[in-house]
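Engineer: According to my numbering, the stretch in the sequence shown is residues 5 to 260, in order. In this text, a Cβ means the ideal position worked out from N, Cα and C, and glycines have one as well. Take a look at this one; I'll ask things after.
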Amino acid sequence: MTSPQARRPVVAANWKMNTGPDDGAALARAVAAESLPFAQVDVVLCPPATGLAAVVAAVQGTPVAVGAQHVFWEESGAYTGEISVPMLEGLATYAVAGHSERRQLFGETDLDVQRKTLAILSGGLTPIVAVGESLDQRDAGETLGVLRSQVTRVFEALTPAETAACVIAYEPVWAIGTGRNATPEQAQEAIGWIRDIVAAVQGLQAAELVRIQYGGSVSPENCQELLCRDGIDGALVGGASLDAGKFAAIVQAAAP
Ligand code: 13P
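So, in structure tokens, the structure goes:
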């Protein structure tokens with residue numbers, strides 16, 4: 005489809021359930037102090053909710069953006085433990101929806117991910133919509149079908165302009181936290197399918213503009229071969245993002 009130069013790569017750190025306010029702020033300061041290609045790559049840190057304020061303070065005045073790992077779609081009310089998009093004002097400019105850990109461990113459905121994505125957009129934040137197949141699904145040849153239903157369910161509810169404003173993270177479940185990353189060929193193929201599905205749902209222009217990352221055991225060792233591939237517009241990084249130096253190496257590799 006289009007050349008990757010048309011889309012600005014985005015590398016996001018998903019710290020998952022790691023770090024509190026103090027060590028999160030220290031890690032954020034360490035990332036911001038690295039000499040990163042900020043002119044070419046968007047850099048996002050997603051700490052746990054309790055660390056958002058400290059991380060925002062730590063990166064103030066730098067190009068590093070902050071994202072939430074999780075939101076609920078309602079704005080307020082009797083939803084114990086949940087965090088709404090309006091509550092993130094001043095704390096996040098991105099928010100993840102549909103991470104496979106949320107889907108698998110907390111029962112989030114494609115419809116939930118759609119509602120969260122709409123809520124994130126209506127709050128003026130950038131959604132990072134995570135999709136991906138399990139190992140069983142890949143082995144059964146179901147990857148395309150799984151991606152089609154996950155992607156369609158979310159993006160059929162959006163406008164083309166809203167679609168173009170999103171980031172999609174292709175994260176095959178079998179590659180997350182396993183040390184077994186998708187090969188560049190597998191990642192590129194699946195991301196190509198995702199872009200085709202977006203084109204079918206929202207048209208060619210939205211599909212050409214939407215940024216699609218790869219996530220799953222991205223490391224300083226494998227990032228170069230993954231991120232130099234056409235169509236792979238950055239990475240969503242788990243384990244390696246807890247080390248500022250490793251994360252910085254991945255950001256460097258995403259620069260065109
Ligand atoms: P790892 O990089 O630890 O495999 O995690 C990937 C991920 O789930 C990012 O959201």
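Which of helix, strand or coil does DSSP assign to Met5?
Structural biologist: As a working mapping, residue 5 is identified with position 1 in the sequence shown. At Met5, the pLDDT of 47 sits below 50, so the modelled position is not reliable and the matter cannot be decided from this model.
Engineer: Should His3 be listed as close to ligand 1, given that the test is whether its C-beta is under 7 Å from any heavy atom?
Structural biologist: Examination of residue 3 is not possible in this model, given that the chain is present from 5 through 260 alone.
Engineer: Which ranges does the alpha helix (DSSP H) cover as unbroken runs of at least 4 residues, wholly within the region 180-246, from first to last along the chain?
Structural biologist: Taking only runs of at least 4 residues, the alpha helix (DSSP H) segments lying wholly in the region 180-246 are 188-206, 208-213, 227-231.
Engineer: Looking only at DSSP bridge pairs, what is Asp46 linked to?
Structural biologist: Residue 46 sits at position 42 when you count from the first residue of the sequence shown. In DSSP, Asp46 forms a bridge with Val14.
Engineer: DSSP three-state label for Gly136, please.
Structural biologist: Within the sequence shown, residue 136 is the residue found at index 132, counting from 1. Gly136: coil per DSSP, three-state reduction.
Engineer: Taking C-beta to C-beta, are Ile172 and Val205 nearer than 8 Å?
Structural biologist: Taking the sequence shown and counting its residues from 1, the one referred to as residue 172 is at position 168. Taking the sequence shown and counting its residues from 1, the one referred to as residue 205 is at position 201. Their beta carbons are not under 8 Å apart, which means Ile172 does not touch Val205 by this criterion.
Engineer: Let me check you understand the geometry: is the CB of Ile201 closer than 7 Å to at least one non-hydrogen atom of ligand 1?
Structural biologist: What you label residue 201 is simply residue 197 of the sequence shown in a count that begins at 1. It does not: the Cβ of Ile201 is nowhere closer than 7 Å to a heavy atom of ligand 1.
Engineer: Under DSSP, the beta strand (DSSP E) around Ile254 begins and ends at which residues?
Structural biologist: Counting from one through the sequence shown, the residue named residue 254 turns up at place 250. That residue, Ile254, is in no beta strand (DSSP E); its alpha helix (DSSP H) goes 248-258.
Engineer: In or out: Ala61 buried (at least 16 other Cβ within 10 Å) or exposed?
Structural biologist: The residue given as residue 61 occupies position 57 in the sequence shown. With fewer than 16 Cβ atoms within 10 Å of its Cβ, Ala61 is classed as exposed.
Engineer: When every heavy atom of ligand 1 is checked, does at least one fall within less than 7 Å of the C-beta of Gly85?
Structural biologist: Numbered from 1 along the sequence shown, position 81 holds the residue referred to as residue 85. No, Cβ of Gly85 sits at least 7 Å from all heavy atoms of ligand 1.
Engineer: Opposite Ala32 in the DSSP bridges: which residues?
Structural biologist: Looking up residue 32 in the sequence shown gives position 28. According to DSSP, which records beta bridges pairwise, Ala32 is partnered with nothing at all.
Engineer: Say yes only if the C-beta of Gly220 is nearer than 7 Å to one or more non-hydrogen atoms of ligand 1, and no if none qualify.
Structural biologist: If you number the sequence shown from 1, residue 220 lands on position 216. Gly220 Cβ: within cutoff of ligand 1.
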